[in-house]
Amino acid sequence: MKKIIIILSLIGIIVISAIGFFSDKTYEPTKLDELIDKYPKKYTPSANHTQFEILKQNFSAPQKVTSACISCHTERHKEVMQSNHWNWTREEYIKGRGIISIGKMNAINNFCIGVDGNEESCAKCHIGFGMTSSMFSFTDPTNIDCLVCHDQSETYAKAPEKGGAPSLDVNLNLVAQSVGRPTRANCGVCHFYGGGGNNVKHGDLEESMFQPTRDVDIHMAVDGPNMSCVDCHTTEKHVIKGKMYSLSSMNRNRSECEQCHTSSPHESSILNEHTYKVACQTCHIPIYAKVNSTKLFWDWSTAGKLKDGEPYSEEDSLGNHSYLSIKGSFIWGRELKPEYIWFNGTADHYLLGDTVTDTINPLKINTLNGSYADANSKIYPVKIHRAIQPFDAVNKILIQPKLFADEKGEGAFWQDFDWRRSSEAGMKEVHLPFSGKTSFIKTEMTWPINHMVSTKDLSVSCKECHTRDNSRLAQLTDFYMPGRDYSKLVDTAGIGIILMTLLGVFIHATIRIASSKKRKRKQHE
Amino acid sequence: MSKQIYIYRSFERFWHWMQAILIFLLAATGFEIHGTITFFGYKNAVTYHNIAAYSFIVLIVFAIFWHFTTGEWRQYMPSRKNLRAQMDFYLLGIFRNAPHPTKKTVLSKLNPLQKIVYLGLKILVIPIIVISGLMYMFYRYPQGSSIEVLNIHSVEPFAIVHTIGAFLLIAFIVAHLYLITTGSTPTSNLKAMITGYEELEDEHDEKVTGAAALPLRKKTEPETLS
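Encoded structure:
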């Protein structure tokens, strides 16, 4: 009896100490409840713009609407004119380069390559009017397009290739009287279509995000919290939190999950510990491009083929363009697992005129810095867009071709389909030399994946990374990860020792049994 | 002349079997975490491994206490006496049905080879596993902790040392399981560890059972220490 009591109390002590140790005393279950409570609340505007006489006038030009806005909101245009959305450039410090101005204005990418020389077409997504190659004035506040972001009638649309002007059929009175806090539609109309079509660039920002379901994005879900872009990309004085490392370089003004969820949102301390080295997105966005395909590969070198002298297009099985005479060949992908990189929030970029020294490996258009050894780095999911794009092999610089023009003969590739002429015209525009011969080079561009957050139950499971074969993190080899990594020497030697022991046991047992039988036989005799 | 002797007391047996269960659980979950097998699921394996690890540490603390308060630690003092004879027995004598060279008594339960191996486990293999395991659990990434000394760059060294310990322990268990059968009968050792009683040869004037032997122990100390 005494023994039983001692044993039971011992077991009791062991169990209690284990429970005591594993129960997390710091977890507050209220944080998520708070958020769930806070976000579905409907935003109520503080003024009804249909009441204002000034917005009932007959607007002869979109600039007149802007003037009307400024007549009440007397300081807002100054904020807008400081913004990246307006300037398409900003000052950033890049290690090794110093402080530079970088933005859409002068950056190069591996989609439609660059804005320079193509302003009138690109300006469809500029928050201004009248942007042309040379005549655009960044100092005239009436050129600000307030409506593209603040229209709530969902009838406002910019005309293609008109330097940012609205379509002629837009009722400016209706739009001007509807203005309010930007919704998903306002942001999405540009940010979902970057690169010349739905979901071409990001992969995690596309049409399905206008009215997403919970399966697509847990935050913006219409059957969920129904959050809008600006709920996370919080904005003060037209400075919007968040940026994309296709253009950004510095670790500042980022929009992060931790803003709401804190850096230790899990009940499990092991999961919370992961947040030192793993970004939220890595586990919580298991797949992207959930609904529509995104562009994964773009080969400019095949562009320019004509049928009967006319440009043509081809489509893949999902209805995406697989070939366009004006742009070349594409590969698209849907429901994709991201690739993963170490990232510390700083990036470098290929800037126009940079000499390419390594022509064997793909050229990185943007380089997201980070490594395991860097204390500020975490693992992030990314889409890597690979391309083959125009390159001047003699001067060893990327070519910024002129793509768009209203008519033939100006050297624009989309009119004339002549690489030499469009390269010449484009490079002249950016004041860079051109050797006269257009070659092509492989490039890569890295796009962090931040949207299309899945429900908790679909998060990446332990085993998808902590596994020897096909680990999601198989490419990140600069650290030891349990379950994936092991010492070949230790495992081989260890299994060897166990097998040797088993063999020894087997031999010993065999001799024992044999000798014992022999003995018994002898005894019988 | 032989009789049933109470040789393994209740705590000793509890400790032994608890340890056995925990080591099997730790090995199964540990090698799942290591990526060698799949059984519990990775997340469960980690949780169970941690619970078993803490239970094991608690058990070790109790066992250490027990060893010192009862003086049983002396059982593990290595001795050269009979070492050669014991080796000869396992390599030759056992096949000829020769008698065990070391008499098992309450005061000297272990033969010289066992003493060396168990002492090695206690002061080398188990501490290596426990310490590397604790470091594995508690090391922090450089920015992860305010305790600077725990800011170690990588889990790799701990993981590898921990794995070495695990392999050694499993090799020991394989041999241990086999050697159970080498008692006076194939099952006598197992029975003894379950019931506490083992049929031992009656030794000169000792007619005592384990628990009652305590007061006598001190008097016979020099013998067991030899």
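Which chain is which? The protein sequence lines are A and B, in order.
Count the first sequence with this note's numbering and you get residues 15 to 539, in order.
Count the second sequence with this note's numbering and you get residues 627 to 852, in order.
For glycine and all other residues, C-beta sits at the position ideal for the given N, C-alpha and C.
Terminal residues of the continuous beta strand (DSSP E) containing residue i?
i, result
"residue 663 of chain B", "Note, residue 663 of chain B: premise wrong, no beta strand (DSSP E); not H, not E."
"residue 87 of chain A", "That residue, residue 87 of chain A, is in no beta strand (DSSP E); it is neither H nor E in DSSP."
"residue 329 of chain A", "327-329"
"residue 363 of chain A", "361-363"
"residue 435 of chain A", "Counting along the chain, residue 435 of chain A falls outside any beta strand (DSSP E), though it belongs to the alpha helix (DSSP H) covering 433-443."
"residue 107 of chain A", "104-108"
What span of residues does the alpha helix (DSSP H) with residue i cover, start to end?
i, result
"residue 316 of chain A", "Here residue 316 of chain A belongs to no alpha helix (DSSP H), and DSSP marks it neither H nor E."
"residue 522 of chain A", "502-538"
"residue 452 of chain A", "From DSSP, residue 452 of chain A is part of no alpha helix (DSSP H); its letter is neither H nor E."
"residue 711 of chain B", "709-717"
"residue 572 of chain A", "Since the first and last residues shown for chain A are 15 and 539, residue 572 of chain A lies out of range."
"residue 202 of chain A", "198-205"
"residue 337 of chain A", "Premise fails: residue 337 of chain A lies in the beta strand (DSSP E), 335-338, not in any alpha helix (DSSP H)."
Do you know offhand how far residue i's Cα is from residue j's?
i, j, result
"residue 183 of chain A", "residue 256 of chain A", "33 Å"
"residue 803 of chain B", "residue 644 of chain B", "16 Å"
"residue 36 of chain A", "residue 311 of chain A", "48 Å"
"residue 155 of chain A", "residue 765 of chain B", "57 Å"
"residue 852 of chain B", "residue 700 of chain B", "With a pLDDT of 36 at residue 852 of chain B, under the threshold of 50, the predicted position of this residue should be treated as unreliable, though the coordinate-derived value follows. Each residue's Cα considered, the two are about 10 Å apart."
"residue 201 of chain A", "residue 164 of chain A", "10 Å"
"residue 522 of chain A", "residue 708 of chain B", "21 Å"
"residue 539 of chain A", "residue 628 of chain B", "29 Å"
"residue 770 of chain B", "residue 209 of chain A", "No answer about residue 770 of chain B holds up, because its pLDDT of 49 lies below 50 and its placement is not dependable."
"residue 103 of chain A", "residue 121 of chain A", "9 Å"
"residue 855 of chain B", "residue 475 of chain A", "Residue 855 of chain B cannot be examined here, being either before or after the span of chain B that is shown, 627 to 852."
"residue 204 of chain A", "residue 412 of chain A", "26 Å"
"residue 150 of chain A", "residue 137 of chain A", "10 Å"
"residue 124 of chain A", "residue 452 of chain A", "16 Å"
"residue 349 of chain A", "residue 61 of chain A", "42 Å"
"residue 751 of chain B", "residue 795 of chain B", "7 Å"
"residue 477 of chain A", "residue 667 of chain B", "8 Å"
"residue 261 of chain A", "residue 108 of chain A", "12 Å"
"residue 346 of chain A", "residue 488 of chain A", "23 Å"
"residue 514 of chain A", "residue 524 of chain A", "15 Å"
"residue 658 of chain B", "residue 407 of chain A", "52 Å"
"residue 685 of chain B", "residue 730 of chain B", "26 Å"
"residue 194 of chain A", "residue 399 of chain A", "35 Å"
"residue 83 of chain A", "residue 374 of chain A", "54 Å"
Would you decide whether residue i is buried or exposed? Buried here means 16 or more other CB atoms lie within 10 Å of its CB.
i, result
"residue 99 of chain A", "buried"
"residue 423 of chain A", "exposed"
"residue 71 of chain A", "exposed"
"residue 86 of chain A", "exposed"
"residue 180 of chain A", "buried"
"residue 712 of chain B", "buried"
"residue 779 of chain B", "exposed"
"residue 503 of chain A", "exposed"
"residue 306 of chain A", "buried"
"residue 482 of chain A", "exposed"
"residue 445 of chain A", "exposed"
"residue 89 of chain A", "exposed"
"residue 703 of chain B", "exposed"
"residue 46 of chain A", "exposed"
Per DSSP, residue i forms a beta bridge with which residues?
i, result
"residue 406 of chain A", "A:411"
"residue 172 of chain A", "A:180"
"residue 91 of chain A", "According to DSSP, residue 91 of chain A bridges with nothing at all."
"residue 350 of chain A", "A:302"
"residue 630 of chain B", "B:825"
"residue 400 of chain A", "A:311 and A:458"
Do residue i and residue j have their C-beta atoms closer together than 7 Å?
i, j, result
"residue 641 of chain B", "residue 678 of chain B", "no"
"residue 157 of chain A", "residue 142 of chain A", "yes"
"residue 342 of chain A", "residue 316 of chain A", "yes"
"residue 762 of chain B", "residue 784 of chain B", "yes"
"residue 177 of chain A", "residue 197 of chain A", "no"
"residue 294 of chain A", "residue 274 of chain A", "no"
"residue 431 of chain A", "residue 318 of chain A", "yes"
"residue 463 of chain A", "residue 376 of chain A", "no"
"residue 397 of chain A", "residue 217 of chain A", "yes"
"residue 818 of chain B", "residue 827 of chain B", "no"
"residue 308 of chain A", "residue 213 of chain A", "yes"
"residue 495 of chain A", "residue 231 of chain A", "no"
"residue 414 of chain A", "residue 440 of chain A", "yes"
If we define contact as Cβ-Cβ less than 7 Å, is residue i a contact residue for chain E?
i, result
"residue 659 of chain B", "Among the protein chains of the structure shown, namely A and B, there is no chain E."
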